Amino acid sequence: MPQDVLGLAGVAVCAVTGVLEAGRKQIDLFGVVVIALVAALGGGTLRDLLLARPVFWVVDHDYLVAALLAGLATFAVARLVRLPQRLFLIPDALGLALFTILGTRIALELNAHWLVASLMGVITGVFGGIVRDVLCNEVPLVFSGELYATAAWSGALLLILTRAQDMHGDIAVAAPTVAVFLIRMAGIHWRIKLPRFSMR
Amino acid sequence: MPQDVLGLAGVAVCAVTGVLEAGRKQIDLFGVVVIALVAALGGGTLRDLLLARPVFWVVDHDYLVAALLAGLATFAVARLVRLPQRLFLIPDALGLALFTILGTRIALELNAHWLVASLMGVITGVFGGIVRDVLCNEVPLVFSGELYATAAWSGALLLILTRAQDMHGDIAVAAPTVAVFLIRMAGIHWRIKLPRFSMR
Amino acid sequence: MPQDVLGLAGVAVCAVTGVLEAGRKQIDLFGVVVIALVAALGGGTLRDLLLARPVFWVVDHDYLVAALLAGLATFAVARLVRLPQRLFLIPDALGLALFTILGTRIALELNAHWLVASLMGVITGVFGGIVRDVLCNEVPLVFSGELYATAAWSGALLLILTRAQDMHGDIAVAAPTVAVFLIRMAGIHWRIKLPRFSMR
Numbered sequence: 266m267p268q269d270v271l272g273l274a275g276v277a278v279c280a281v282t283g284v285l286e287a288g289r290k291q292i293d294l295f296g297v298v299v300i301a302l303v304a305a306l307g308g309g310t311l312r313d314l315l316l317a318r319p320v321f322w323v324v325d326h327d328y329l330v331a332a333l334l335a336g337l338a339t340f341a342v343a344r345l346v347r348l349p350q351r352l353f354l355i356p357d358a359l360g361l362a363l364f365t366i367l368g369t370r371i372a373l374e375l376n377a378h379w380l381v382a383s384l385m386g387v388i389t390g391v392f393g394g395i396v397r398d399v400l401c402n403e404v405p406l407v408f409s410g411e412l413y414a415t416a417a418w419s420g421a422l423l424l425i426l427t428r429a430q431d432m433h434g435d436i437a438v439a440a441p442t443v444a445v446f447l448i449r450m451a452g453i454h455w456r457i458k459l460p461r462f463s464m465r
Numbered sequence: 266m267p268q269d270v271l272g273l274a275g276v277a278v279c280a281v282t283g284v285l286e287a288g289r290k291q292i293d294l295f296g297v298v299v300i301a302l303v304a305a306l307g308g309g310t311l312r313d314l315l316l317a318r319p320v321f322w323v324v325d326h327d328y329l330v331a332a333l334l335a336g337l338a339t340f341a342v343a344r345l346v347r348l349p350q351r352l353f354l355i356p357d358a359l360g361l362a363l364f365t366i367l368g369t370r371i372a373l374e375l376n377a378h379w380l381v382a383s384l385m386g387v388i389t390g391v392f393g394g395i396v397r398d399v400l401c402n403e404v405p406l407v408f409s410g411e412l413y414a415t416a417a418w419s420g421a422l423l424l425i426l427t428r429a430q431d432m433h434g435d436i437a438v439a440a441p442t443v444a445v446f447l448i449r450m451a452g453i454h455w456r457i458k459l460p461r462f463s464m465r
Numbered sequence: 266m267p268q269d270v271l272g273l274a275g276v277a278v279c280a281v282t283g284v285l286e287a288g289r290k291q292i293d294l295f296g297v298v299v300i301a302l303v304a305a306l307g308g309g310t311l312r313d314l315l316l317a318r319p320v321f322w323v324v325d326h327d328y329l330v331a332a333l334l335a336g337l338a339t340f341a342v343a344r345l346v347r348l349p350q351r352l353f354l355i356p357d358a359l360g361l362a363l364f365t366i367l368g369t370r371i372a373l374e375l376n377a378h379w380l381v382a383s384l385m386g387v388i389t390g391v392f393g394g395i396v397r398d399v400l401c402n403e404v405p406l407v408f409s410g411e412l413y414a415t416a417a418w419s420g421a422l423l424l425i426l427t428r429a430q431d432m433h434g435d436i437a438v439a440a441p442t443v444a445v446f447l448i449r450m451a452g453i454h455w456r457i458k459l460p461r462f463s464m465r
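Protein chains in written order, with this note's numbering: chain A, 266 to 465; chain B, 266 to 465; chain C, 266 to 465.
Pasting the structure below:
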C-alpha cells in the first residue's frame, strides 16, 4: 500500500480524535480546529524535523485538506448523533498504528539505525496525541494508558524484523499495523498496564 | 515596507508583551528575559523550522538585540510608571498583526499553497503568545480570546487575495496588517467570541 | 577533550536525572524511559534544529544507547539503595555544565554571533531539564532555582572570552565547564537567587 494512503488515513482518524476530545471541553470553534490539526499533523511534523526532511503537510497540502475535512465531518456527525465517549479510543488506536508503522518505514528508508527508526515510529505515533491531550488539559493517554507506547514499539520492532527477513510488500506492512491496533485494543479491554516504577 | 522592518517591529512589541505578562507573576529577572524572548521569537522560529528556512534570529542577531532592548526598556518604564493591566492587549494585537502578515508573505514567497501559507501566517502570529501564556500559567489568549486567530486568519486571507489581484507594494501589505489589528481590537471592545462547540 | 566524550557524558548524567525525578512520581516504566530520554536528548535536539544541523542522536545512535544504559543503571541502583532526594541536583548541575559548554562550542564553530552562541549554550543546557520537569508536573528548576541559567550563561560567556583570547585546548573548555558547575552548586548551597521582578 502506498505511503500516502496510509498517511492520509492516519491524518484523518487523528483529526477525528481531536474533535471528539475537544468536544468534551468548552472550547470555541477555532480551538477545536487547532486541536484537530495538532492531533493529525503533530507526530509527523516532529518526525520530519528530526529526520531533516521537508515537513509533509507543507510540501503536500492534501494532508491539511484531509485533516480539515475529517474534522468538519466529525463535527457534523457529533451534532446529530450522540457518540459514546469511549468510541474515541478506536480512531486513536488506529491512528497510533498507522503513524507508528509509517514513521518507522520512513526512517528505515533514510537508513536510520534500527533503534533510531523504532523510536521515530513511536514518536510519530504518540506525539500528536500528547499535544492534543495537553491542550485539552488531560493526562496524555500515553502516560496513563494501557499498553500505548508499548503497542507502538512492538509494532515498530516487528516491522524491522520482517524487513530484516527480506519480507516486503503489503503483508510486511499490514501485519505490524494490525499488531499495534490489536495490542492496544487488548490493553484497553483487559486493562493491562505496565508496572509502575517506584523508587525506594 | 521591507520585511526586516516589519520583523523588528513585531519582535519588539512581542517582547514588550512578555515583560508585561511576566511582571504580573512572581518570576525572577532571568525568567522575565526568557519569557520576553520566547514571546518575541517563538512564532517566527516555528515558521522557519516548518518551512526549512534558516532560523531568522540565528542568522541575524539584530532580532535578538531588538527583543532584549525592547524588554529592558519595558522593564525600566514599568518600574517608574504604573501601567494599566489591559494595556498589554495593544502590543499583543500589534504583534499578532505584524507577525501574521510577515509569516504569510514569507510562505507565499516560497511558493507554498495558499492554505499552507495562511496557516503559516496564523502560526507565526499566535505561537509566541501561546508559549508565553503557558510559561506564565495563563490560559492562552488564543483559546479564551475574542477573535484572536480569526483576526489573524482573515488578514492572511486578505493578503493572499490582494496578491492574487496582482496588487503589490506597501498598501497590499499595510491593509491586511491594519485589518488584523482592527478586527482583534473590535473583538476585545465588543467582546465578540466564536460560538463554543458542544457535542451531544 | 573531544566533543563526543563531553556529549556522551552529558547525555548519561541527564538520563540519570530523568529517572531520579520520574521515580518520585507514580509513572509507569515506559514513562520513566521517555522522561530519561527527553532529559538527555531534549536540549541538544532543539539546538541542532535551531542551527539547522542534523540531529545528533539521529545521526549517531550511540547517544541513544548511552541514555538508555544510564537510565537502566540508575533504575537498578535506585531499587537496591535508597538515594537521598537532593542527590538528583548533582547530576543535574553536571549535565547543565557539560551541555552549556558543548552547545556554545558547536554554535561558535558554525560562526554564530557571540550573543547567539551564548544563548544556544544556555538552550542546550536548560531545555532538556525544562521538558523533564514539565512532564513530571514540577515547576522547572530553571525558573524557581538558584543561579541556574545565570550559571550557564556565565560559563558560556567565559568560553567565548577564552576563545577571543586565542586560548584553545582542554583548559579553555574545562575551565568554563567547572565554572558552571561550581556557580550552580554555590547557588544551591548558599540559596542565592536572582531578585524577583515585580511591576508596580
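Heads up, the beta-carbon is just placed ideally off N, CA and C, and yes, glycines get one too.
None of these values were measured; they are calculated from a predicted model.
One alpha carbon belongs to C/V297, the other to C/Y328, and they sit about 17 Å apart. With its beta carbon at least 8 Å from every one in chain C, A/V276 lies outside the interface. Close CB contacts of B/A417 within its chain, under the 7 Å cut and outside five residues either way in sequence, are with L361, T365, G386, V387, G390, V391, V445 (chain order). Runs of alpha helix (DSSP H) with 4 or more residues, each lying fully within the segment 317–395 of chain A, are found at 321–324, 327–345, 354–374, listed in chain order. Neighbours of B/P319 in chain C, taken as residues whose beta carbon is under 7 Å from its own, are A317 in chain order. Among the CB atoms of chain A, none fall inside 8 Å of the CB of B/A444. Within the DSSP secondary-structure output, C/D293 pairs in a beta bridge with A/R461. Here the segment 366–373 of chain B makes contact with the segment 307–322 of chain B; the two share three or more CB pairs at distances below 8 Å. Residues of chain B with a Cβ closer than 9 Å to the Cβ of C/F408 are, in chain order, I292, D293, F295, G296, V299, L400.
Taking C-alpha positions only, B/L273 is separated from B/W322 by approximately 10 Å. Contact between B/P356 and B/T282 holds: their C-beta atoms lie close to 5 Å from each other, under 8 Å.
Closer than 8 Å to the CB of C/A414 there is at least one CB belonging to chain B.
Between the alpha carbons of C/A332 and B/A305 lies a distance of about 33 Å. The residues A362, in chain order, have a CB closer than 8 Å to that of C/V443 in the same chain once the five nearest residues on each side in sequence are set aside. Residues I366, G420, L423, L424 of the same chain have their beta carbon placed closer than 6 Å to that of C/P441, with the five preceding and five following residues left out of the count.
At a Cβ-Cβ threshold of 8 Å, C/R428 and C/A439 do not count as neighbours.
As the crow flies, the alpha-carbon of A/R461 is around 13 Å from that of A/L412.
Within a 10 Å sphere around the beta-carbon of B/I457 sit fewer than 16 other beta-carbons, which makes this residue exposed. For A/G283, the uninterrupted alpha helix (DSSP H) run begins and ends at 268–287, by DSSP. Chain-order list of chain C residues neighbouring A/H378: H326, by C-beta distance under 7 Å. Ranked by Cα distance from C/L406, the options C/G288, C/A280, C/P349, C/R449 are led by C/R449.
Of the other Cβ atoms in all chains shown, 16 or more fall within 10 Å of the Cβ of B/A358; this residue is therefore buried. Annotated three-state conformation of A/V407 is helix, per DSSP. Under the Cβ criterion of 8 Å, C/V342 is not counted among the residues facing chain B. In this structure, the CA atom of C/T310 is about 30 Å from the CA atom of C/P349. From the listed residues A/L400, A/G394, A/G393, the smallest Cα separation to B/V396 is found for A/L400. Taking the C-beta atoms as reference points, A/L294 is found no nearer than 8 Å to B/L285.
In this structure, A/A280 lies near A/A335, with their beta-carbon atoms less than 8 Å apart. For a cut-off of 8 Å, the C-beta gap from C/G393 to C/G288 is around 17 Å, too long to register as a contact. Leaving aside the five residues that flank A/F353 on each side, the residues in its chain whose CB is nearer than 7 Å to its CB run, in chain order, T282, L285, E286. When the beta-carbon positions are compared, C/I292 and A/F408 come within less than 8 Å of each other. It is roughly 26 Å from the alpha-carbon of C/V276 to the alpha-carbon of B/L302.
In this structure, the beta-carbon distance from B/L380 to A/H326 falls below 8 Å. For B/M450, the enclosing alpha helix (DSSP H) has its first and last residue at 434–454.
B/V346 and B/T339 have their C-alpha atoms roughly 10 Å apart. Using beta-carbon distances, A/L314 counts as an interface residue toward chain B, with a partner under 8 Å.
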